[in-house]
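Visitor:
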Amino acid sequence: MLLPEAVDFNQFEYPKGLNYFLLVPSGMFKLLSKPESPIFDYTIEQLESAWKAMIAKYSRIKLRSFSDKKHRYHYLYKSLLLRRPGYLIVQFFSINEQQSTLLIYSYSLSGFSDFGGNKTLVFDLLIGLKKTADKMFLSS
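Mapping of the sequence shown onto my numbering: position 41 corresponds to residue 1100, and the numbering continues sequentially without gaps.
(1) Could you spell out where the beta strand (DSSP E) holding residue 1105 opens and where it closes?
(2) If you draw a straight line from the alpha carbon of residue 1156 to that of residue 1107, how long is it in whole angstroms?
(3) When you compare each of 1076, 1104 and 1084 to residue 1175 by their alpha carbons, which one comes out closest?
(4) Could you have a look at residue 1194 and say whether DSSP puts it in helix, strand or coil?
(5) Can you give me the C-alpha to C-alpha distance between residue 1103 and residue 1150, rounded to a whole angstrom?
(6) Which residue marks the beginning of the beta strand (DSSP E) containing residue 1117, and which one marks its end?
(7) Determine the closest residue to residue 1187 out of 1142, 1122 and 1117, with distance taken between C-alpha atoms.
(8) Go ahead and label residue 1136 buried or exposed: buried means 16 or more other beta carbons lie within 10 angstroms of its beta carbon, across all protein chains shown.
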């Protein structure tokens, strides 16, 4: 199994199994995902800051490594039901001075199928990120 630090989205090949979920910003890396990553009305620094605040609340997700230069984070997680290990890659991108987006790739380390667990995890994280960013940066 490929370590998350070694995943190159410029050379990415979709896995054969069903134990992953990939969310990609439109037009990046020549990859397709449905749905595509949302665009947030926050700077890349704000979105990244909100991510760090939000992800700290997930005890089953542990930071493995990161690259400040690439705005990329690698995590090890345990699935909610069966506690199976998996990797999570998150990378942030600036769209313009006031907007940003992210790529999220979640994949299990075992099995052929994850029964939708990676997709559920990614959407839970997106919802949490939006709520955290709004709370942190929208004025009352």
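Quick reminder that beta carbons are idealized off the backbone N, C-alpha and C, glycines included. It should be emphasised that the depicted structure is a prediction, and the values quoted were computed from it without experimental measurement.
Guide: Considering the structure as presented:
(1) Per DSSP, residue 1105 belongs to no beta strand (DSSP E); it is in the alpha helix (DSSP H), 1103 to 1114.
(2) 14 Å
(3) 1076
(4) helix
(5) 10 Å
(6) First-last for residue 1117: undefined, no H or E at that position.
(7) 1117
(8) buried
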